[in-house]
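Residue numbers for the sequence shown, in mature numbering (1 follows the signal peptide of the UniProt record, and there is no 0): -21 to -1, 1 to 716.
Read the structure below first, then the notes.
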Amino acid sequence: MKNNIVYTLFFVLFAAFETSAQVPQWAQDSLAFYEKKLASHISKDQLDEGKAVVGKIERAGSNSLDPVFFEFFERSLENKSYQSQDALMAELHKSLGMLEYFRGNIQAALSTFNDARLYYIKSDEKKMAAGMSMNIGVMQEKIGQYDSAISNYKLAEPVFKEFQDAKGLSNVYENLGLAYYQEDDFDLALRYFEQTDSLLNTYLDPNEIRWVGFYMNKHLVLFKMNRVEEGLKLLLKGFQIAETNKHDYYISKLGEMMGEVYELRGQTDKQYEALMKSKAFFKDSKNQQAVANLNYKLGVYHYQYGVMDSAMVYVEKSLAYFKENQMESSIGMVLNTMGNIAFMQEDYEKAIRYYQQTAEYLKNEKTQAYAGFLFNMGYSLNKVGQSARALEYMQQALEIRKLLKDLGGIRDAYQGIAEAQEGLRNYPKAYEAFKLFHIYYDSVFNEVKSRQLAELETVYETEKKDQTIAVLESEKEIQNLLSEKQKAQISFSIGGLILFLGLAGVFFRQSKIRKQHNHILALKNEEIAKQNGERELLLKEIHHRVKNNLQIISSLLSMQTRGLQDEKVKGAMKESQSRVKTMALIHEKLYQYENLSKINMQEYMMQLSDFLTQTYRSDKQINVIVEAAEINLDMDMAIPIGLITNELLSNSLKYAFEDRDFGEIHIIFSEEESGNYKLRVEDTGKGLDNDLDIEKSKSLGLKLVRTLTRQINGQLKISSNPGASFEIVFKEDALAA
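Here is the structure:
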């Protein structure tokens, strides 16, 4: 099921002071002192001094969010002597709006910024009025009114241009980038971020804290455009700046964002660690929005790893805040996730109800979020036997994803269409959809691979240019040395020339014959290289097609399994599916590598363990640890070793921990001495039956292990102390005939 992630967007608000400015020492009774000071300044018509006092109070309030500061501003706005001062009223409204925003009361902030803008217009403070348009736009984005937000940002743009205010203009462009990001127009969002980058470089030091929010925002767009590594580099740059400035809040948020990258890379330990650090940081925070966002992310994390009850608790906490502040897009996102949780709990009717509620909050029908809703709705309807309706939803999702050029989404939509067609017993169309699913599966992989190759090519070209420059500089030095010795060499050269002409006649004939032979040899080598290249390309294509066919077989087995009621038959089909997938992984690795005959077993076993852990996923805390050396094996040896590992790991995941809720499985693959290898799969489970005899065992899995061990002429040792342990020792060149 597709799940939306809430990202923290670092909108740039317009304030009269720098966020990095040092807050003055604030004693317990300072507020009363400054309140009297403000009244004194206003009574003496010292407006600028009065506004400066308001700024100091705002800064202190922003740091503590103590209710006494809110009471001060509300009290001041009711003060009759202040109400005749438009400029002061504007400043008071602006400051209260900032405090409301910082404590997460978006609706109150929006209303207060609107009032502030009206007062700034009345006092003819054009630039400050433009600033309030910016802040109003930010609040509108927060509640999902993206078109209104864009209109307000564009109201501010010409004013900042008129004042030649690079800082204000950079803030406008960054917020426009975020608004278009929210509307899934990632190309336009990135263009605005590039404009922001250019302007920031005109006035910011490289280590200014302002860069951090910008890097985090730009990373979001790159992440959505599948340019993950570029985004990660920006996060790391931001992390260095935040640490240099000792900015705890940004350090925490960066860690949280990097958790999303760790999730994509499958580094679950680092992802969880990043989320826990953020949770500790925001434990006592009064920033309700940050807490709500974090609760949602924690809910998604628990959802992804199968702890559904915890997932529901966290997302319900976040929903309460989003509803209170009428943040419609966030409400829709949370309801969608609640539907996903219900789906995973196999309560499909409840999931459908959540998805139907989701639709009420999705205003734009041309976004990834709306396509995700359609996909999830279709998937759930198919589960309750409404395959015809499911197909309609899936086809709508497909059309939107094609429009957005979302390759991953198109891939998933075809999978959903295939399953809906299968539910309608339209097997030829189901098969066609599955073929398209696998075509797009490969397209997603190739897009990432092409980008990586382009990056490598850029690095190579840069290095090549550097080398060329170095060679030219060396040649220049040589020319300088030659010019110094030229005169001395002229006389020797004349004599040498005469001698050379004499010898040249002798060697000329031999040289001509040798050139002819070399030319023929070069042509033959060129032809051999061309044939080798064609064979290599053909082999890659064969491996690619074999992998695709195995994937289709695996998918068809999966489809057939869903219609079965007998648990034993379902289990057998699942085992067959994992065996097919094990072989498909081998062929997938072969067409990805330059070396078409060798498999990196470390990489392969990591991927195989990830696949099987997902296949046999349960609520139990089972940790699979792979300790495989960098060993490359031929395909003929890698396939039986892969199948043996599949059987042993599957067996442990299914049976070893029936009587406990946690445990470990170790896969150890090592080279004992040159050409001799050892594979050991062991667990901390309940162990094997005392009377187990593998030679007489009726288990298909153990029979396969025994047969495949003989195929590679290996030695199998089994023990149970206390968990099960299987050890196979073999030689690389020991395949049975």
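Every residue gets a Cβ at the ideal spot worked out from N, C-alpha and C, and that includes glycine.
What does the alpha-carbon distance come out to for the pair S149 and N205?
Taking the sequence shown and counting its residues from 1, the one referred to as residue 149 is at position 170. Taking the sequence shown and counting its residues from 1, the one referred to as residue 205 is at position 226. Those two C-alpha atoms are separated by around 25 Å.
Would you mind working out which of N304, M291 and D326 sits nearest L314, comparing C-alpha positions?
One-based indexing of the sequence shown puts residue 314 at position 335. The option with the nearest alpha carbon to L314 is M291.
Beta-carbon gap between V363 and Y327 smaller than 9 Å:
Taking the first residue of the sequence shown as position 1, residue 363 is located at position 384. Taking the first residue of the sequence shown as position 1, residue 327 is located at position 348. Cβ distance < 9 Å, so V363 and Y327 count as in contact.
Would you mind working out which of E609, V605 and K549 sits nearest Y595, comparing C-alpha positions?
The residue given as residue 595 occupies position 616 in the sequence shown. Taking only the C-alpha atoms, the option nearest Y595 is K549.
From the DSSP output, read off the bridge partner residues of K256.
Counting from one through the sequence shown, the residue named residue 256 turns up at place 277. Bridge partners of K256: none, in fact.
Is the separation between the beta-carbon of A66 and that of Y99 shorter than 9 Å?
Within the sequence shown, residue 66 is the residue found at index 87, counting from 1. Within the sequence shown, residue 99 is the residue found at index 120, counting from 1. One thing to note: A66 has its Cβ within 9 Å of the Cβ of Y99.
Under 9 Å, do G642 and T663 count as touching if we go by C-beta distance?
The sequence position of residue 642 within the sequence shown is 663, counting from 1. The sequence position of residue 663 within the sequence shown is 684, counting from 1. In terms of Cβ geometry, G642 and T663 form a close pair [threshold 9 Å].
Using DSSP bridges, identify the partner residues of N579.
Indexing the sequence shown from 1 puts residue 579 at position 600. DSSP, once it has assigned bridges, lists N611 as partnering N579.
Do L89 and I115 have their C-beta atoms within less than 9 Å of each other?
In the sequence shown, the residue the question calls residue 89 occupies position 110. In the sequence shown, the residue the question calls residue 115 occupies position 136. For L89 and I115, yes; Cβs fall inside 9 Å.
According to DSSP, is V200 helix, strand or coil?
By one-based count along the sequence shown, residue 200 stands at place 221. In the structure shown, V200 sits in a helix (DSSP, three-state: H, G or I).
In terms of alpha-carbon separation, which member of L10, H417, R368 and A18 lies closest to R38?
Within the sequence shown, residue 38 is the residue found at index 59, counting from 1. The candidate whose alpha carbon is nearest that of R38 is L10.
Can you check which of these residues, E325, A367, S366 and E378, is closest to G351 by C-alpha distance?
Working through the sequence shown from its first residue, we reach residue 351 at position 372. It is E378 whose Cα lies nearest to the Cα of G351.
Helix, strand or coil for G642? Go by DSSP, reduced to three states.
Taking the first residue of the sequence shown as 1, we reach residue 642 at position 663. If DSSP states are grouped into helix, strand and coil, G642 belongs with the strands.
Measuring alpha carbon to alpha carbon, tell me which of H72, L78 and L71 ends up nearest D45.
As a first step, residue 45 is located in the sequence shown; it is residue number 66 there, counting from the start. The alpha carbon of D45 has as its nearest neighbour, out of H72, L78 and L71, the alpha carbon of L78.
If you draw a straight line from the C-alpha of L75 to the C-alpha of Y284, how long is it?
For this step, residue 75 is matched to residue 96 along the sequence shown. For this step, residue 284 is matched to residue 305 along the sequence shown. Those two C-alpha atoms are separated by around 42 Å.
Quick check: the region 623 to 633 against the region 646 to 661, are at least 3 beta-carbon pairs closer than 8 Å?
They touch, by the three-pair rule.
Cβ-Cβ distance between E606 and F636 below 9 Å:
Here residue 606 corresponds to residue number 627 of the sequence shown, with the count starting at 1. Here residue 636 corresponds to residue number 657 of the sequence shown, with the count starting at 1. Contact flag unset, no.
Report the rounded CA-to-CA distance for K225 versus V270, giving the unit in angstroms.
Taking the first residue of the sequence shown as 1, we reach residue 225 at position 246. Taking the first residue of the sequence shown as 1, we reach residue 270 at position 291. Approximately 21 Å, taken between the alpha carbons.
Report buried or exposed for Y634, applying the criterion of at least 16 other Cβ atoms within 10 angstroms of its Cβ.
For the purposes of this step, residue 634 is taken as the residue at position 655 of the sequence shown. Using a 10 angstroms sphere on the CB of Y634, the tally of other CB atoms stays under 16, which defines it as exposed.
DSSP on N343, reduced to helix/strand/coil?
Locating residue 343 in the sequence shown gives position 364, where the first residue counts as 1. In the structure shown, N343 sits in coil (DSSP, three-state: anything other than H, G, I, E or B).
Pull up the distance between the alpha-carbon of A369 and that of A399, whole angstroms please.
One-based indexing of the sequence shown puts residue 369 at position 390. One-based indexing of the sequence shown puts residue 399 at position 420. Here the C-alpha atom of A369 lies approximately 6 Å from the C-alpha atom of A399.
Please tell me whether Y194 and L178 are closer than 9 Å, where the distance is taken between their beta carbons.
Translated into the one-based positions of the sequence shown, residue 194 becomes position 215. Translated into the one-based positions of the sequence shown, residue 178 becomes position 199. It is not a contact, given that the beta carbons lie outside the stated cut-off.
Looking only at its own chain, which residues have a Cβ that is under 7 Å from the Cβ of R380, when we skip the five neighbours before and after it?
Here residue 380 refers to the residue found at position 401 of the sequence shown. Cβ neighbours of R380 within its own chain (closer than 7 Å, five residues either side excluded): A350, G388, I389 and A392.
Would DSSP call Y656 helix, strand or coil?
If you number the sequence shown from 1, residue 656 lands on position 677. The DSSP-derived three-state label of Y656 is strand.
Skipping 5 residues on each side, what residues in its chain have a beta carbon closer than 7 Å to that of K345?
In the sequence shown, the residue the question calls residue 345 occupies position 366. Once the five neighbours on either side are set aside, the close Cβ partners of K345 are I379 and L382.
In angstroms, rounded to a whole number, what distance separates the CA positions of P701 and G666?
Along the sequence shown, read from residue 1 onward, the residue named residue 701 stands at position 722. Along the sequence shown, read from residue 1 onward, the residue named residue 666 stands at position 687. Those two C-alpha atoms are separated by around 6 Å.
Would I230 and I188 be called neighbours here (beta carbons separated by less than 9 Å)?
The residue labelled residue 230 in the question sits at position 251 within the sequence shown. The residue labelled residue 188 in the question sits at position 209 within the sequence shown. No, these two residues do not count as a Cβ contact at 9 Å.
Quick check: what's the CA-CA separation for E303 versus Q347?
Within the sequence shown, residue 303 is the residue found at index 324, counting from 1. Within the sequence shown, residue 347 is the residue found at index 368, counting from 1. C-alpha separation (whole angstroms): 25 Å.
Which ranges does the alpha helix (DSSP H) cover as unbroken runs of at least 4 residues, wholly within the region 281 to 368, from first to last along the chain?
Qualifying alpha helix (DSSP H) stretches, in chain order: 287 to 303, 307 to 323, 327 to 339 and 347 to 362.
Compare the Cα-Cα distances from V559 to each of F590, I578, K547 and Q581 and report the closest residue.
Here residue 559 refers to the residue found at position 580 when the sequence shown is read from its first residue. Looking only at F590, I578, K547 and Q581, the smallest Cα-Cα distance to V559 is reached by F590.
The alpha helix (DSSP H) that contains Q62, what's its start and end?
Position 83 of the sequence shown holds residue 62. Boundaries of the alpha helix (DSSP H) harbouring Q62: K59 to Q62, taken from the DSSP string.
Applying the 10 Å Cβ sphere with the 16-neighbour rule, what's the burial state of D670?
Locating residue 670 in the sequence shown gives position 691, counting from the first residue. Of the other Cβ atoms in all chains shown, fewer than 16 fall within 10 Å of the Cβ of D670; this residue is therefore exposed.
So, helix, strand or coil for K710, using DSSP?
Looking up residue 710 in the sequence shown gives position 731. The answer is strand: DSSP assigns K710 an E or B state.
Helix, strand or coil for I188, going by three-state DSSP, please let me know.
Stepping through the sequence shown from its first residue, residue 188 is reached at position 209. Secondary structure of I188 (DSSP, three-state): coil.
For Y80, collect the residues of the same chain with a Cβ closer than 6 Å to its Cβ; drop the 5 residues on either side in sequence, then sort them by chain order.
Translated into positions along the sequence shown, residue 80 becomes position 101. Within the same chain, A88 come within 6 Å of Y80 by CB-CB distance, once the 5 residues on both sides are set aside.
So S308 and Y275 are supposed to be a Cβ contact under 8 Å. How far apart are they, rounded?
Start at 1 with the first residue of the sequence shown, and residue 308 comes out as number 329. Start at 1 with the first residue of the sequence shown, and residue 275 comes out as number 296. In this structure S308 does not touch Y275 by the C-beta definition: roughly 12 Å separates them, more than the 8 Å allowed.
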